[in-house]
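Numbering (my numbering), first residue to last: 12 to 186. Let me begin by presenting the structure, written as structure tokens, before commenting on it.
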Amino acid sequence: MTQAWSDLCLWEAFFNERRLGTLIELGTGAGGMALFLGLQCHQRGIQFYTFDHQQHFDFSRGLAQLINLHASFRHVDIFSEAGIEYISGVMEDCPRPLAVFFDNGNKRREWSLFAARLRAGESGMSSTPIVTGASWVCVKIQVQRIAPGAAMRACQPSFSGHGPWMRPSAAKACR
Ligand SMILES: C[S@@+](CC[C@H](N)C(=O)[O-])C[C@H]1O[C@@H](n2cnc3c(N)ncnc32)[C@H](O)[C@@H]1O
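Take a look at the structure:
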């Protein structure tokens, strides 16, 4: 897993505070975070997808096998024409509300391609520097930091910089 341990606290609080139909992770990597997110989604009845153009992770053993994590994995180049079309289709058809974890390695590009497909009130999770700069905020859509509830506030002393962002209902796409 390439996240800080404190991110798990933040994610758990995020799951507790926001109702989700689907979570999409862009960038599976070695699969540690996919395992955590997949288990959370499995327990909470949330549809989970994780996308990568390489398969670094063995889904056939242990917890991954028990929760059938392989069924969530999509072997896709997310920047290819086919990949963009495929992911856009998944985002269109999946149970809502949707949240997207932008962790593919080129966050600006993935944010600009896919964040605008989030609907009002839905969430994108990314590291703070990606979306705090004015140019980032307006890559495609306006976002606002989700005001943390009590559980999220409890995570903040060990906060690593990742954060949930929401598309506010009043926001318009800004080009
Ligand atoms: C930072 S890692 C993901 C880490 C993972 N989310 C975690 O927390 O454990 C980034 C991943 O993005 C994948 N990636 C890079 N470019 C990609 C592309 N064009 N399409 C799909 N995946 C890509 C890499 O193979 C790598 O596994």
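Note that CB positions come from ideal geometry on N, CA and C, so glycine has one too.
Tell me whether residue i counts as near ligand 1, meaning its Cβ is closer than 7 Å to at least one heavy atom of that ligand.
i, result
"Glu96", "no"
"Thr187", "Here the chain covers residues 12 to 186 and nothing more, so residue 187 does not appear."
"Gln65", "yes"
"Phe70", "no"
"Met44", "yes"
"Gly116", "yes"
"Phe84", "no"
"Phe62", "yes"
"Asp88", "yes"
"Glu36", "yes"
Using DSSP's beta-bridge definition, name the partner residues of residue i.
i, result
"His86", "Asp63"
"Ile35", "Tyr60, Val111"
Does DSSP put residue i in a helix, a strand or coil?
i, result
"Phe70", "coil"
"Cys20", "helix"
"Leu50", "helix"
"Ile95", "helix"
"Gly43", "helix"
"Leu129", "coil"
"Arg29", "coil"
"Val142", "Interpretation of Val142 is limited by its pLDDT of 44, a score under 50 that renders its predicted location unreliable; the figure taken from the coordinates is listed afterwards. The answer is helix: DSSP assigns Val142 an H, G or I state."
Measure from the C-beta of residue i to each C-beta in chain B and report whether the shortest distance is under 8 Å.
i, result
"Gly40", "Protein chains in the displayed structure number just one, and chain B is not present."
Pop quiz: residue i and residue j are said to be a contact at Cβ under 8 Å. What is the actual Cβ separation, rounded to whole angstroms?
i, j, result
"Phe59", "Leu34", "5 Å"
"Gly38", "Asp88", "About 12 Å separates the two Cβ atoms, so there is no contact after all."
"Ile32", "Leu109", "In the sequence as displayed, the identity of residue 32 is Gly instead of Ile. Contact holds; Cβ gap of about 7 Å."
"Ser91", "Lys118", "At roughly 18 Å, the Cβ-Cβ gap does not stay under 8 Å, so Ser91 and Lys118 are not in contact."
"Val68", "Ile98", "The sequence as given places Phe at residue 68; Val does not occur at that position. About 19 Å separates the two Cβ atoms, so there is no contact after all."
Please confirm if the region 70-79 is in contact with the region 99-117, defined as three or more CB-CB distances below 8 Å between the two stretches.
In short, these stretches do not touch, since the Cβ pair count stays below three.
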